Amino acid sequence: MKFQRALPSRVVFVSTVSALALIAVACGPGSESATPTAFPEPTLNSVTPPENFQTPIPSPEVATDPLPETVFAETPISNSFEKPTETVDITFDGPEAIVARRFQSQYGWFTDFNQRIVDLSEISSLLPRDGIIPIDAPTFAKVSEVPDYLRAREPVVALEIDGDARAYPLAMLMWHEIANDVVGGVPVSVTFCPLCNTAITFDRTVNGQELTFGTSGNLRRSDLVMWDRQTESWWQQITGEAIVGVNAGAGTKLKIINSPIIAWETFAEEYPDGLVMERIFDELGFPIRSYDNPPYAGYDNVDNTPFAFSGEVDDRLVATSRILAVKSEGRTVAYPFSFLAETQIVNDRVGDSDVVVFFDDGTLSAFVDGRQGDQISGSTTMFNRIVDGQTLTFTLGADGIIDIETQSTWSLLGTAESGPLVGKKLEPVIHANHFWFAWAVFEPDTEIRDGADDISGPTGRP
Numbered sequence: 000m001k002f003q004r005a006l007p008s009r010v011v012f013v014s015t016v017s018a019l020a021l022i023a024v025a026c027g028p029g030s031e032s033a034t035p036t037a038f039p040e041p042t043l044n045s046v047t048p049p050e051n052f053q054t055p056i057p058s059p060e061v062a063t064d065p066l067p068e069t070v071f072a073e074t075p076i077s078n079s080f081e082k083p084t085e086t087v088d089i090t091f092d093g094p095e096a097i098v099a100r101r102f103q104s105q106y107g108w109f110t111d112f113n114q115r116i117v118d119l120s121e122i123s124s125l126l127p128r129d130g131i132i133p134i135d136a137p138t139f140a141k142v143s144e145v146p147d148y149l150r151a152r153e154p155v156v157a158l159e160i161d162g163d164a165r166a167y168p169l170a171m172l173m174w175h176e177i178a179n180d181v182v183g184g185v186p187v188s189v190t191f192c193p194l195c196n197t198a199i200t201f202d203r204t205v206n207g208q209e210l211t212f213g214t215s216g217n218l219r220r221s222d223l224v225m226w227d228r229q230t231e232s233w234w235q236q237i238t239g240e241a242i243v244g245v246n247a248g249a250g251t252k253l254k255i256i257n258s259p260i261i262a263w264e265t266f267a268e269e270y271p272d273g274l275v276m277e278r279i280f281d282e283l284g285f286p287i288r289s290y291d292n293p294p295y296a297g298y299d300n301v302d303n304t305p306f307a308f309s310g311e312v313d314d315r316l317v318a319t320s321r322i323l324a325v326k327s328e329g330r331t332v333a334y335p336f337s338f339l340a341e342t343q344i345v346n347d348r349v350g351d352s353d354v355v356v357f358f359d360d361g362t363l364s365a366f367v368d369g370r371q372g373d374q375i376s377g378s379t380t381m382f383n384r385i386v387d388g389q390t391l392t393f394t395l396g397a398d399g400i401i402d403i404e405t406q407s408t409w410s411l412l413g414t415a416e417s418g419p420l421v422g423k424k425l426e427p428v429i430h431a432n433h434f435w436f437a438w439a440v441f442e443p444d445t446e447i448r449d450g451a452d453d454i455s456g457p458t459g460r461p
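Last residue of the sequence shown: number 461 in numbering that gives the first Met the number 0, and the count goes up by one each step with no gaps.
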């Protein structure tokens with residue numbers, strides 16, 4: 000099934016004038032009679048693009064010929080779903096009550112705003128729900144029949160569950176932000192917030208109920224706020240925590256599944272029988288989004304100011320610099336990409352865990368127009384470095400990554416490719432590759448390790 004050609008949905012950057020018109024309507028005065036008069040009249044928070052951004056102008060792209068045969072033939076996008084049908088009465092007063100009623104009246108939310116763990120004034124409203132259209136039934140190509148628009152070093156989110164390995168290109172997630180899928184029999188949501196560089200995969204089964212996620216059109220601390228179509232609860236993407244609605248009242252938090260950002264060719268080499276999510280084309284053979292032209296081109300420039308972020312930036316690092324961040328046994332640690340690019344490998348201990356970080360200095364940035372050149376951002380994988388009871392120490396050898404103890408060689412995805420340990424796999428450690436400001440505002444007590452004296456073991460380049 001094909002689609003009629005659609006305009007790009009990230010109105011804020013792609014069509015600034017339309018975005019401002021939409022925001023003006025969203026922030027206009029309300030007429031609800033239930034509004035208390037004892038409080039000043041608040042408005043829904045709204046945001047406009049920073050002045051130093053150039054609005055990208057997408058151009059039509061002809062589909063490459065021939066296109067590979069898809070693994071699934073269903074349409075990638077579906078907006079059909081069941082949802083709550085009754086507005087929940089607001090049982091609290093004050094400015095937050097006014098904001099909640101406006102979410103109900105202006106955007107038609109049936110969310111239970113009485114149950115929340117954050118102040119509604121912290122939430123910025125940009126678009127209607129699913130104004131950025133999520134992908135609900137992605138189609139895939141086999142690695143052996145890869146589309147020729149994929150570049151070898153472009154970044155993908157790599158997900159493997161029970162032998163089912165799939166790659167989700169950031170070039171697509173830039174435009175859709177959420178892909179609902181079933182991988183290895185597990186219902187998942189692969190999510191990406193471009194404003195925070197947060198690529199996180201969640202198990203979308205909560206208390207036995209399978210949820211389907213979309214984009215709420217809202218941000219909190221610059222981060223994507225998701226919504227589930229079954230309860231209309233709102234979820235903070237960076238933490239996986241329900242922040243408004245019945246799931247917030249239940250204290251629900253989504254399970255995060257390991258899914259690092261890596262280069263496409265790294266995925267293809269590790270998983271020759273894997274799948275890669277395809278671009279979506281309309282009936283004329285044009286992509287429904289300008290996937291080679293990111294809507295946030297240049298946003299990862301370290302001189303840029305975070306968009307839609309009103310908090311204080313932790314000035315220990317540059318706001319939009321990339322980090323590897325990890326939480327383990329009560330410790331929260333961040334390794335700047337600038338440090339990892341110098342060392343390539345870091346052997347360390349976080350909490351009670353012996354870990355190793357592998358850095359790939361060839362992975363491209365997703366914030367650069369692929370037709371106009373490349374920019375390196377790098378990517379990371381992280382593992383527990385204990386194998387069969389032995390703590391391994393990793394370094395760079397003539398043939399790539401090796402462990403000193405057995406001289407086995409290893410892939411970036413933690414598989415022993417030769418030597419005494421061939422076939423062994425390191426246990427992945429879930430970690431983040433976020434922009435620093437986004438991580439730090441949620442984890443202000445993070446310890447930064449950016450020098451040889453900060454880590455417990457050797458690096459790949461002493």
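Using N, Cα and C, we set each Cβ at its ideal position, and we do this for glycine too. It should be emphasised that the depicted structure is a prediction, and the values quoted were computed from it without experimental measurement.
What's the call for residue i, buried or exposed, on a 16-neighbour Cβ count within 10 Å?
i, result
"Thr-408", "buried"
"Val-487", "Any question about residue 487 goes unanswered here, given that the chain covers just 0 to 461."
"Arg-448", "buried"
"Thr-90", "exposed"
"Ala-96", "buried"
"Ser-309", "exposed"
"Gly-459", "buried"
"Asn-217", "buried"
"Ser-124", "buried"
"Pro-35", "Annotation note: pLDDT 31 at Pro-35 (below 50); position unreliable, no value reported."
"Val-421", "exposed"
"Gly-244", "buried"
"Ser-289", "buried"
Measure the CB-CB distance between residue i and residue j and report whether it falls below 9 Å.
i, j, result
"Glu-446", "Arg-330", "yes"
"Phe-358", "Ala-340", "yes"
"Val-205", "Ser-215", "no"
"Val-367", "Pro-271", "no"
"Leu-274", "Asp-202", "no"
"Thr-138", "Ile-279", "yes"
"Arg-165", "Asp-373", "no"
"Ile-260", "Val-428", "no"
"Val-117", "Gln-235", "yes"
"Val-87", "Phe-109", "yes"
"Met-276", "Ala-178", "yes"
"Asp-163", "Gly-184", "yes"
"Ala-431", "Ala-262", "no"
"Thr-394", "Pro-457", "yes"
"Ala-415", "Lys-424", "yes"
"Glu-209", "Pro-193", "no"
"Asp-314", "Ser-455", "no"
"Ile-134", "Met-171", "yes"
"Ser-376", "Asp-281", "no"
Just reading off the alpha helix (DSSP H) that residue i is part of, what are its end residues?
i, result
"Glu-341", "336-342"
"Asn-217", "Asn-217 -> not in any alpha helix (DSSP H); beta strand (DSSP E) instead, spanning 212-219."
"Gly-399", "Looking at the DSSP string, Gly-399 is not in any alpha helix (DSSP H); the run it does join, the beta strand (DSSP E), is 399-402."
"Pro-247", "Before going on, a small fix: residue 247 reads as Ala here, not Pro. Taken as a continuous stretch (DSSP letters only), the alpha helix (DSSP H) holding Ala-247 covers 245-248."
"Glu-176", "Here Glu-176 belongs to no alpha helix (DSSP H), and DSSP marks it neither H nor E."
"Glu-264", "263-269"
Assign residue i to one of three DSSP states: helix, strand, or coil.
i, result
"Tyr-167", "strand"
"Asp-202", "strand"
"Val-301", "coil"
"Asp-449", "coil"
"Trp-234", "strand"
"Glu-442", "coil"
"Gln-389", "strand"
"Val-349", "strand"
"Arg-100", "helix"
"Ile-22", "Confidence at Ile-22 is low in this model, with a pLDDT of 34, below 50, so the placement of that residue should be treated as unreliable; the coordinate-derived value is given next. Note: Ile-22 maps to helix in three-state DSSP."
"Phe-436", "helix"
"Leu-119", "helix"
"Val-145", "coil"
My understanding is that residue i touches residue j, with C-beta atoms under 8 Å, so please give their C-beta distance in whole angstroms.
i, j, result
"Ile-242", "Arg-115", "6 Å"
"Ser-378", "Thr-362", "4 Å"
"Asn-383", "Asp-402", "Rounded, the Cβ-Cβ distance is 13 Å, inconsistent with contact."
"Thr-390", "Gly-413", "Not really, about 15 Å apart at Cβ, beyond 8 Å."
"Ser-232", "Cys-195", "Not confirmed; about 20 Å, so no contact."
"Arg-228", "Gly-213", "6 Å"
"Gly-83", "Thr-190", "Inspection of the sequence shows that residue 83 is occupied by Pro rather than by Gly. Actually they do not touch by this definition, with Cβ atoms about 22 Å apart."
"Ala-439", "Pro-154", "Contact doesn't hold; Cβ gap of about 22 Å is too wide."
"Arg-219", "Ile-160", "Rounded, the Cβ-Cβ distance is 29 Å, inconsistent with contact."
"Ser-258", "Leu-411", "Ser-258 to Leu-411, Cβ: 14 Å. No contact."
Can you give me the start and stop residues for the beta strand (DSSP E) that residue i sits inside?
i, result
"Thr-380", "378-383"
"Trp-226", "222-227"
"Ile-160", "154-160"
"Glu-416", "415-417"
With a cut-off of 9 Å, does the C-beta of residue i fall near any C-beta of chain C?
i, result
"Asp-272", "In the structure shown, chain C does not exist; there is a single protein chain."
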